[in-house]
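Numbering of the sequence shown is given in the working numbering, commencing with residue 3 and proceeding in unit increments.
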Amino acid sequence: MKYLTYSLAVLLFWTNLVLSHAQNSSKTNPLIGRWEVLQYAEQGLQVDKKQPAAPQALAVYRHVQKTRAKTWYGFDYDYADEYSRRRSREFQRWEERDSIQELKRITEAIHTPFFAVFFPDSTLALYNKDAATNQVSFPESRHYVFNPATMSMDVYPPGMLPPPGRVGGWVDRMDIQILFLSDTNMTLFIPEEGEIVTLVKTEYTIP
3 MKYLTYSLAV
13 LLFWTNLVLS
23 HAQNSSKTNP
33 LIGRWEVLQY
43 AEQGLQVDKK
53 QPAAPQALAV
63 YRHVQKTRAK
73 TWYGFDYDYA
83 DEYSRRRSRE
93 FQRWEERDSI
103 QELKRITEAI
113 HTPFFAVFFP
123 DSTLALYNKD
133 AATNQVSFPE
143 SRHYVFNPAT
153 MSMDVYPPGM
163 LPPPGRVGGW
173 VDRMDIQILF
183 LSDTNMTLFI
193 PEEGEIVTLV
203 KTEYTIP
């Protein structure tokens with residue numbers, strides 16, 4: 003009886019392993035592979051990573067300029083007339099420094115290629131990769147659950163996948179709707195950010 007129980011346990015283990023692999027093969031899970039982000043929302047403004055980055059970065063900074071001034075300096079454009087001349091000059095110097103630094107950061111973010119790699123074991127790898135130097139930066143790891151019936155996926159932090167059969171109750175889960183998916187192109191909608199992300203599948207290379 004002990005050996006029968008052991009044999010059944012081994013059989014169930016391998017059956018689940020085979021089923022898991024079958025459910026996550028490239029034929030049943032079209033997400034699997036390496037995808038490059040073409041368009042996304044940078045601080046609430048849609049940008050195109052294949053277009054010149056500098057003018058887009060300027061548009062993004064102007065979009066968040068008032069919010070940054072109020073958040074990081076305490077300057078409110080709506081009450082600019084109430085500020086003293088001295089404080090206004092100090093703010094102008096701060097804003098000049100802030101604009102130079104932030105424009106540089108946003109320009110690099112738009113210009114640097116960004117990749118998402120979906121693996122069969124439900125791992126999602128995210129990273130930037132400089133096209134000239136091949137240097138990888140800001141690597142992240144996530145777990146994902148693909149729902150083909152609803153054309154959506156849930157993304158979790160590392161080690162936070164829910165138990166089998168359990169869906170709700172996970173506050174760290176990011177719900178993503180798949181608006182379009184083919185062998186080469188994908189369009190995602192992230193409700194929390196109100197963001198549209200377009201991607202194209204690329205040949206996978208080790209970072």
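Using N, Cα and C, we set each Cβ at its ideal position, and we do this for glycine too. Since the structure is predicted, the reported quantities are computational estimates derived from the model, not experimental observations.
- For Tyr81, the secondary structure class from DSSP, reduced to helix, strand or coil, is helix.
- Boundaries of the alpha helix (DSSP H) harbouring Trp96: Arg87 to His113, taken from the DSSP string.
- Annotated three-state conformation of Pro141 is strand, per DSSP.
- A straight-line Cα-Cα distance of about 6 Å links Leu190 and Ile198.
- The DSSP-derived three-state label of Leu181 is strand.
- Annotation for Leu60: the continuous alpha helix (DSSP H) segment containing it runs Ala55 to Arg70.
- DSSP places Thr200 within a strand segment (E or B) once states are collapsed to three.
- In this structure, the alpha-carbon of Arg144 lies about 13 Å from that of Ile178.
- The beta carbon of Glu104 is closer than 8 Å to those of Tyr63 and Arg70 in its chain, skipping five residues each way along the sequence.
- When DSSP states are grouped into helix, strand and coil, Tyr129 belongs to the strand group.
- Residue state for Thr73 is assigned as helix, using DSSP reduced to three classes.
- Using a Cβ-Cβ distance cut-off of 8 Å, the stretch 130-149 and the stretch 106-122 are in contact, since at least three pairs of beta carbons, one from each stretch, lie closer than that value.
- By a beta-carbon distance limit of 8 Å, Glu38 contacts Thr204. Their separation comes to about 5 Å.
- Collapsing the DSSP output to three states places Ser154 in a strand.
- Going by C-alpha positions, Tyr75 is about 15 Å away from Arg88.
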